Structures are given as structure tokens and as C-alpha cells.
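Worksheet: one structure, shown below.
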Ligand SMILES: C[S@@+](CC[C@H](N)C(=O)[O-])C[C@H]1O[C@@H](n2cnc3c(N)ncnc32)[C@H](O)[C@@H]1O
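Residue numbers (the working numbering): 149 to 490.
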């Protein structure tokens, strides 16, 4: 059995798998829907530095036969009691302090129809663990010492213990969050798509609170961001300071960037979708003008990576789409597109 699993955003599994494959001592990678299973013989603390995964768990069990009827709740209670958590707790203890009788939370999600709810799954598993281990159940994950995670896909449940004290997607630097702001692992995935070389200059013309340039700076890029919204820019500066990275932020209009030809090696952006974040101009015109500007400021072999819910608007003069795929985000299915200059 694999001894770890990472949970990811739907559509980004292959990027997380690629990130994991680069780590020493990782083997047996197995990619599935919203998750990657793997074996790892290195230092556990290194796994807390993964950037594109939502969260990471010591794999403590796989349960089969988790079916639709309500009688499954009794089965979950029983299986919760049978869980062997010793190795998982030892692994978590190698990166942080865990009390002898840890307060534990349970998180559950499922794919497939059920005659019971996630709250009922959590309660059933928690009862089993409480009865067997004598640990106190803490419904508030933020106050728990350990998190037991159930990821149920149809009849199969992956059961894990979260390695870190908080989910990996909750970056401590993200102090300011505005509507439409990206989950950091998605920003990190966009950055990973760009396959940056050390010192590459990255520009995000619509940076919001700065998630993309901050993730780029954290892996060594020279990052710069701008936005028309002053409140967003103040948030971006606060977030970058908390992340301990130097990113230049500037107020501008993405349709007329105050940057010279060849000022960037790569543009990476989550362009406005015209729903939560509206643009002043017609959305099609906004896309055409801002993509033309990105093209102008890029070096000849420059790359553009964009996340958008309107990929049909990406056809700007002089750009070709090299790669495009769908992800799940904010209850929608936007695409990540990789463009290059013709
Ligand atoms: C989807 S949000 C970006 C969110 C960002 N990736 C983050 O994580 O916070 C799009 C951003 O585009 C900005 N925007 C809209 N029109 C703009 C324009 N003409 N020039 C520059 N930025 C603009 C909005 O203020 C908003 O912050």
C-alpha cells in the first residue's frame, strides 16, 4: 500500500504528480480523481513544502464497500474503531508536537450518491475512534491536534492523517483575501506550468491580492504584479510582506501596461471572468487588449499562462494556444491555457 496521499484540485492531479515525482525518495506514484497516492522514504518535513497540492496525508487505511445505504454508517463506526493510527501519529509527531491523547477532528468528502451526509460520516467515524482510542473528538478542525481525513470515491475510501497542523492550501502568508482570489495551490500550479528558469521575470497584469506573483517569487522568480484596484494592491503588499518575498506591485490598467517591450519572460494571470470581478470594457475587448499588451512586453520566446472561464476569448492576434485543460474551481470549470507567440 502507498503510505501517503495528496489531495488536489480536480484537473491539477498531473501537475501535483509531477511535483511529487521531482522529490527524492518518492516512488509508486498513482494518480486518481483529485488525489495522488505515493510511497516516500524521505524526511516528512519536506512534504510540507509541496506547493501545488491542497493537502497531504499519511495513508492509514483504504476501506472498500463504502456503499450507498444508511447501514454503511454502522460499518464506518466499526472501521473507525479498527483504525491503526500508531504509524500515522508517529509520522505527524516527526514534524510537530502531538499530545498522548490528541483531540481529533474528522473531515470527509465523497463522490457518488449516498443516503447519508458528510456530517453523519464524520460522526460515525469519530464515535469509532473515540470508543477504541479514548481520544476526544473536536468538531472544530482549527482546535484539533490531529485531522482524520476520509476521501470517499464511490465504494472506496482513502483514510489519512493530515501531516501538518493546518491544510497545505492555507498558506500563512495569505492574510488578505478578496473575491475571486486564487487558492495558493492553483496559483502555484499556474507557475509550475510556466516551467520557469531561475531569475525569470514574471508579470501578472491582474494580480488581485498577489497570489500568483508571490508563488512565483517563492520559487525564485523576479515577480511583478499590477491591478487597477488599490484595495487589492494593498492586500498584495501585505501578503508579500507576510511571505517574506520582494514583489513589485503597481497600479495599472492591464490594457495599457506601463512596461517596456521585452520586460517579461512570462506572463501568468487569472484574468477577470466578468462575473465576480467585472471589467470596465466589454469582456472580449478587455481580453483582446490585455493579451496584446502581454504579447508586447514579452521576450520573443516568452510564455503566457492564463486561467479563464472564457477560453473562447483567448484568440488574440499573434498568439497560439499550445495546451488547454479544464479544472474545477469556485463551483465552475475554468480552463488553464498555455499560449505562445506566433
Ligand atoms: C480574478 S481576479 C485576480 C485574483 C488574483 N489572482 C488573486 O489571487 O488575488 C482579477 C483581477 O483583475 C483586476 N482587474 C480588472 N480589470 C482590470 C484592469 N483593467 N487592469 C488591471 N486589473 C484589472 C481586478 O481588480 C481583480 O483583482
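Cβ atoms here follow ideal geometry from the backbone N, Cα and C, with glycine treated the same way. Since the structure is predicted, the reported quantities are computational estimates derived from the model, not experimental observations.
Grouping DSSP H, G and I as helix and E and B as strand, with all else coil, what is residue 459?
Residue 459: helix per DSSP, three-state reduction.
Does the beta carbon of residue 396 fall short of 7 Å from some heavy atom of ligand 1?
No; taking the cut-off as 7 Å, the Cβ of residue 396 has no heavy atom of ligand 1 nearer than that.
Sub-8 Å separation of residue 230 and residue 200 beta-carbons:
A distance of 8 Å or more separates the beta carbons of residue 230 and residue 200.
Can you tell me whether residue 471 is buried or exposed? The criterion is at least 16 other CB atoms within 10 Å of its CB, across all chains shown.
Its Cβ having fewer than 16 others within 10 Å, residue 471 is exposed.
Using only the heavy atoms of ligand 1, determine whether one of them is closer than 7 Å to the beta carbon of residue 211.
When distances are taken from the beta-carbon of residue 211 to the heavy atoms of ligand 1, even the shortest one reaches 7 Å or more.
Three-state secondary structure assigned by DSSP to residue 449
Per DSSP, reduced to three states, the secondary structure at residue 449 is strand.
Can you tell which of 254, 407, 266 has its C-alpha closest to the C-alpha of residue 443?
Selection 254, 407, 266 evaluated against residue 443 yields 407 as nearest (Cα-Cα).
Note down, one range per segment and in chain order, each beta strand (DSSP E) of at least 3 residues found wholly within the segment 221 to 284.
If we require 3 residues or more, the beta strand (DSSP E) runs fully inside the segment 221 to 284 come out as 252 to 259.
By how many angstroms is the C-alpha of residue 169 removed from the C-alpha of residue 163?
Their Cα atoms are separated by approximately 10 Å.
Would residue 434 and residue 399 be called neighbours here (beta carbons separated by less than 8 Å)?
Result no, Cβ atoms of residue 434 and residue 399 do not sit closer than 8 Å.
Which term fits residue 319, buried or exposed, when burial requires 16 or more other beta carbons within 10 angstroms of its beta carbon?
Around the beta carbon of residue 319, 16 or more other beta carbons sit within 10 angstroms, so the residue counts as buried.
Where residue 417 falls: helix, strand or coil (DSSP)
Looking at residue 417 - three-state DSSP - the assignment turns out to be strand.
So, is residue 450 buried or exposed, given that buried needs 16 or more other C-beta atoms within 10 angstroms?
Result: buried.
Could you tell me which of 270, 476, 382, 245 sits nearest to residue 322, measuring between CA atoms?
Nearest of 270, 476, 382, 245 to residue 322, Cα basis: 382.
The alpha helix (DSSP H) with residue 334 in it runs from where to where?
Membership of residue 334 in the alpha helix (DSSP H) is indicated by the continuous run 332 to 341.
Given this structure, state the Cα-to-Cα distance separating residue 259 from residue 215, to the nearest angstrom.
For residue 259 and residue 215, the distance between alpha carbons rounds to 11 Å.
Locate the beta strand (DSSP E) running through residue 214, then write down its first and last residues.
Note, residue 214: premise wrong, no beta strand (DSSP E); not H, not E.
Can you name, in chain order, every residue of its own chain whose Cβ lies under 6 Å from the Cβ of residue 151, other than the five neighbours on each side?
Hits under 6 Å: 187, 207.
Taking DSSP's pairing of strands, which residues face residue 187 in a bridge?
Beta-bridge pairing links residue 187 to 175.
By Cβ distance below 8 Å, which residues in the same chain neighbour residue 476 in space, the five residues on each side in sequence not counted?
Around residue 476: 157, 158, 159.
At a cut-off of 7 Å, is residue 479 close to ligand 1 when judged by its beta-carbon and the heavy atoms of the ligand?
Result no, Cβ not under 7 Å from ligand 1.
Are residue 246 and residue 294 touching if we call contact CB-CB under 8 Å?
At the C-beta level, residue 246 and residue 294 come within 8 Å of one another.
Going by DSSP, which residues form a beta bridge with residue 489?
Paired residue(s): 467.
So is residue 481 buried or exposed if we call it buried at 16+ other beta carbons inside 10 Å?
Classification for residue 481: exposed.
With distances taken from CA atoms, which of 288, 253, 454 is nearest residue 115?
Nothing about residue 115 can be read from this structure; the chain reaches only from 149 to 490.
DSSP-derived helix/strand/coil call for residue 306
Here residue 306 sits in strand by DSSP.
Three-state class that DSSP yields for residue 326 in the structure shown
Coil.
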